[in-house]
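Following: one structure in structure tokens, then a few remarks.
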Amino acid sequence: QFVQALKYETYLDNSLVRFLLARALGNIRIAHYLYWLLKDTLHDTKHGIRYEHILGAFLSICGKSLREDLERQSRLVQILGMVAEKVKQTSGSARQMVL
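Note that UniProt numbering gives residue 41 to position 41 of the sequence shown, counting from 1, and the numbers run on in steps of one.
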């Protein structure tokens, strides 16, 4: 809900963004949630740019190790999405071959 509230903030540098970033830096679970919630909201046509800037700020301060982990996870999700699409487009018995 906090991530959704970001769209109503006037400025990018505000107390809510600072709070979310500080919490994410202090807790790996929150960092993962924040990353994926921001990634999910990037497609928002009206506020996507705002979320992109906040995601960029997060990635710039989260540290190299976490950033690399998140990039690997993103690549994995992308690959799984492509495989799922191929399986979806393939008929019956040929699905096993795609996998």
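By construction, the Cβ of each residue, glycine as well, lies at the ideal position given by its N, Cα and C atoms.
Can you tell which of the options has its C-alpha closest to the C-alpha of residue i?
i	options	result
Arg29	Ile54, Asp69 and Ser93	Asp69
Arg18	Ile79, Gly48 and His53	His53
Val77	Trp36, Glu9 and Leu16	Trp36
Ile61	Ile49, Gln96, Lys88 and Leu25	Leu25
Asp40	Asp13, Val3 and Met82	Val3
Asn27	Leu66, Tyr51 and Gln96	Leu66
Val83	Arg95, Lys7 and Lys64	Arg95
Hey, is residue i's beta-carbon within less than 8 Å of any beta-carbon in chain B?
i	result
Arg23	Chain labels in this structure do not include chain B; a single protein chain is all it has.
Specify, as a first and last residue, the run of the alpha helix (DSSP H) that residue i falls within.
i	result
Thr45	From DSSP, Thr45 is part of no alpha helix (DSSP H); its letter is neither H nor E.
Leu70	Lys64 to Gln89
Ser15	Ser15 to Gly26
Gln4	Phe2 to Ala5
Go through its chain and collect everything with a Cβ distance to residue i's Cβ below 6 Å, but skip five positions before and after it.
i	result
Arg23	Ile30
Val98	Lys86, Val87 and Thr90
Less than 7 Å between C-beta atoms, sequence neighbours within five positions excluded: which residues of the same chain meet that for residue i?
i	result
Leu21	Ala57, Phe58 and Ile61
Thr10	none
Can you look up residue i in the DSSP assignment and give me helix, strand or coil?
i	result
Thr10	coil
For residue i, which residues of its own chain have a beta-carbon under 8 Å away from its beta-carbon, when the five flanking residues on both sides are left out?
i	result
Leu55	Tyr35, Leu38, Lys39 and Leu42
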